[in-house]
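Shown next, in structure tokens, is the structure this report addresses.
Numbering (the numbering used here), first residue to last: 2 to 285.
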């Protein structure tokens with residue numbers, strides 16, 4: 002009745018997204034596969050991870066929250082919901098109505114990449130595009146940048162030859178007028194015409210080069226800003242993600258007890274720690 006599976010509501014993926022949001026486990030193979038394939042195909046593409054639980058009682062809620070949050074970020078133009086392979090029970094999270102509702106309501110196109118190629122979930126059917134694997138999702142999300150640059154170079158060269166041919170025709174026309182002798186005092190007029198033609202030629206190529214440089218600078222600026230927002234980049238600066246024994250994110254000392262075991266995610270690797278002391282206040 003809601004039209005979850007209607008083909009007419011399926012949206013087309015952007016050709017080159019400004020950024021990609023991923024809802025997945027930060028420690029799973031799925032996010033690593035997506036990062037590897039995206040950076041191989043389109044180096045520098047910003048990827049923003051929402052760390053979610055992908056199994057357990059709270060998993061469906063965190064997955065739905067991640068889809069909703071990433072869908073509202075202006076710098077992201079596509080959202081990938083990903084999980085590696087598992088049993089039918091493990092993948093049951095992606096059959097929950099709360100997840101289907103979040104995908105259906107997401108303002109950005111959603112790629113579902115749950116399990117392996119033989120696995121199929123309700124999330125796959127509601128999403129705008131289904132990918133057989135997380136790696137395939139990365140391939141669907143971005144084109145190969147090298148091929149785009151090659152195409153741009155091809156068209157740039159074609160434009161250069163068109164402009165060069167046009168300028169050559171104008172030179173020939175000027176040469177013909179110089180030799181025809183049909184104008185009174187033609188040398189003076191044609192000399193000024195030739196100078197203007199040369200200036201126009203220089204201006205055309207300067208404008209074309211300036212345009213390309215401007216777009217490259219804009220791309221680098223946007224990429225740098227979005228990269229700074231990535232939680233993975235935050236981890237690389239010395240921050241960490243603290244989780245309790247259920248996998249829940251710990252942001253307050255009041256959420257844990259003394260002698261409780263916590264899992265600390267670093268930029269590279271994990272630590273398992275036991276709480277020996279806690280202070281339920283901020284340091285001044």
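The beta-carbon is built from N, C-alpha and C at its ideal position, and this holds for glycine as well.
- Taking the Cα positions, residue 78 is about 35 Å away from residue 263.
- By the C-beta criterion, the region 163-180 is judged not to be in contact with the region 210-223, since fewer than 3 inter-stretch pairs fall below 8 Å.
- A direct Cα-Cα distance of roughly 22 Å separates residue 223 from residue 140.
- Residue 242 sits in a strand when the DSSP states are folded into three classes.
- For residue 81, the beta-bridge partners assigned by DSSP are 23 and 112.
- According to the DSSP assignment, residue 264 belongs to the beta strand (DSSP E) that extends over 262-266.
- Excluding residues up to 5 positions away in sequence, 27 lie with their Cβ nearer than 6 Å to the Cβ of residue 52 in the same chain.
- Excluding five sequence positions before and after residue 194, the CB atoms of its chain that fall closer than 7 Å to its own CB belong to 175, given in chain order.
- Bounds of the beta strand (DSSP E) holding residue 273 are 271-275.
- Taking residue 43 as the centre and dropping the five residues before and after it, the same chain places the C-beta of 143 and 146 closer than 6 Å to its C-beta, in chain order.
- Per DSSP, the beta bridge partners of residue 131 are 113.
- Its chain contains 82, 124, 125, 128 and 131 as the residues whose beta carbon lies nearer than 6 Å to that of residue 113, once the 5 sequence neighbours on both sides are disregarded; these appear in chain order.
- Of all C-beta pairs linking the region 64-80 to the region 22-37, three or more are shorter than 8 Å, placing the two stretches in contact.
- In the structure shown, residue 99 adopts helical secondary structure according to DSSP, grouped into three states.
- The C-alpha of residue 225 is placed about 15 Å away from the C-alpha of residue 40.
- The C-alpha of residue 220 lies about 10 Å from the C-alpha of residue 46.
- According to the DSSP secondary-structure assignment, residue 50 is paired through a beta bridge with 23.
- Boundaries of the alpha helix (DSSP H) harbouring residue 66: 60-72, taken from the DSSP string.
- Within the same chain, Cβ atoms closer than 6 Å to the Cβ of residue 111 are found at 80, 104, 128 and 129, the five residues on either side in sequence being excluded.
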